[in-house]
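Here's the structure, in structure tokens; my notes come after.
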Amino acid sequence: MVSVAVLGAAGGIGQPLSLLMKLNANVTKLNLYDIVNVPGVAADISHIATNAEVKSFLGSGELAAAVTGIDLAIIPAGVPRKPGMTRDDLFKINAGIVKTLVEAIAASSPRAFIAIISNPVNSTVPIAAEVLKAKGVFDPRRLFGVTTLDVVRASRFVRDLRPGVDAAALRVPVIGGHSGTTIVPLLSLASTPIDLSEAEVKELTHRIQFGGDEVVKAKDGAGSATLSMAHAGARFADSLIRAINGETVVEPTFIALAADPEGAEEIRALGAGELDFFAVPVELGPEGVKRIAPLGGQPSAFEREAVAVAAKALDTNIATGAAFVTG
Ligand code: APR
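Under our numbering, the sequence shown has 171 at position 190, and the numbering climbs by one with no breaks.
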């Protein structure tokens, strides 16, 4: 029985994510927070006949109440990139939003699990970590960047190439970060071996790395992935909730490697080097990260090269995030 807050609940991701959390039988309390439109969203969702009690929290004056007494905060709050806005402008706005929200969680529910969706995840997770450190409540086992959409895309895109594959059952470990070439799908270590040519591996890897662009293009500039992202966020939250309730669940997610220094050795040797954050398959338990799950084999030469490329970009992304808080 878990209390969840969705911060940014009235948005394109936030609304379907809130709906999916309302449908989760293990959620008993669902606090929906946004700076606009959230009373309508909450009233609408509250009529669904599950036991979760839905409450609306509107505006910064109600933020502290929204994050009091919660076990898990999921954060899709942010702004999408508008015409004329640089990536840097977008980063500064979303960075500020995530910082404010995590400060509130640190003050009111310092033990809550935090799952961050707001982009750029490679930087917003380090921001959250610095905020929690500054408040003296950082536990690397309890902070996550949601990379599940990359995992979901990997399974589905494999099926597009090999229609015999069960997309729902296939698990591809996706490591690294959560944008472009920082995303490294380890197709050679999929739960079911897939026979792919070198050209197919390259094509699939590129499609998984840049899958988000397909949605942006199809939406004709009106936004990015919302429904598939909400599904991915809800799947990650459900994994975490099942782990809190005692089940052992493995999901790749972007974490501080300090959560399991010993388990991180394999990924550091593979190319993560001294990076503080990396997406890795994580075995989740009641306290969050139980351990970093072994990869279960040797990645291919192509995958190792991709890790090296990812690590270089991630180094900058992580430093940018940390510097936003530490100055
Ligand atoms: N506090 C809480 N919510 C906020 C704040 C804030 N300070 N600022 C903005 N929001 C809310 C908006 O009011 C909106 O309801 O966040 C929501 C964002 O929704 P959309 O604009 O529809 O954006 P969405 O497509 O859902 O993407 C949100 O996820 O993938 C990332 O890059 C994307 O960072 C972006 C985020």
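All C-beta atoms in this analysis are idealised placements derived from N, C-alpha and C, irrespective of residue type, glycine included.
Owing to the predicted nature of the structure, the values given are computational and were not obtained by experimental measurement.
Contact between the stretch 68 to 82 and the stretch 92 to 108 is present, with at least three C-beta pairs closer than 8 Å.
For a cut-off of 8 Å, the C-beta gap from residue 93 to residue 54 is around 5 Å, short enough to register as a contact.
Contact between residue 17 and residue -10 does not hold, since their C-beta atoms are separated by about 10 Å, which reaches or exceeds 8 Å.
Secondary structure at residue 255: coil, using DSSP grouped into helix, strand and coil. Secondary structure remark: continuous beta strand (DSSP E) runs of at least 3 residues inside the stretch -3 to 63, in chain order: 8 to 15, 34 to 39, 53 to 56. About 6 Å separates the beta carbons of residue 87 and residue 113, which is inside the 8 Å limit, making them a contact pair.
In this structure, DSSP gives residue 122 a helical state, which the three-state scheme calls helix. If you draw a straight line from the Cα of residue 0 to the Cα of residue 282, it is about 42 Å long.
For residue 138, the closest alpha carbon among the candidates 184, 222, 90 is that of 184.
Boundaries of the beta strand (DSSP E) around residue 231: 230 to 237. Taking the Cα positions, residue 37 is about 28 Å away from residue 107. The Cβ atoms of residue 177 and residue 153 lie no closer than 8 Å to each other. For residue 184, the secondary structure class from DSSP, reduced to helix, strand or coil, is helix.
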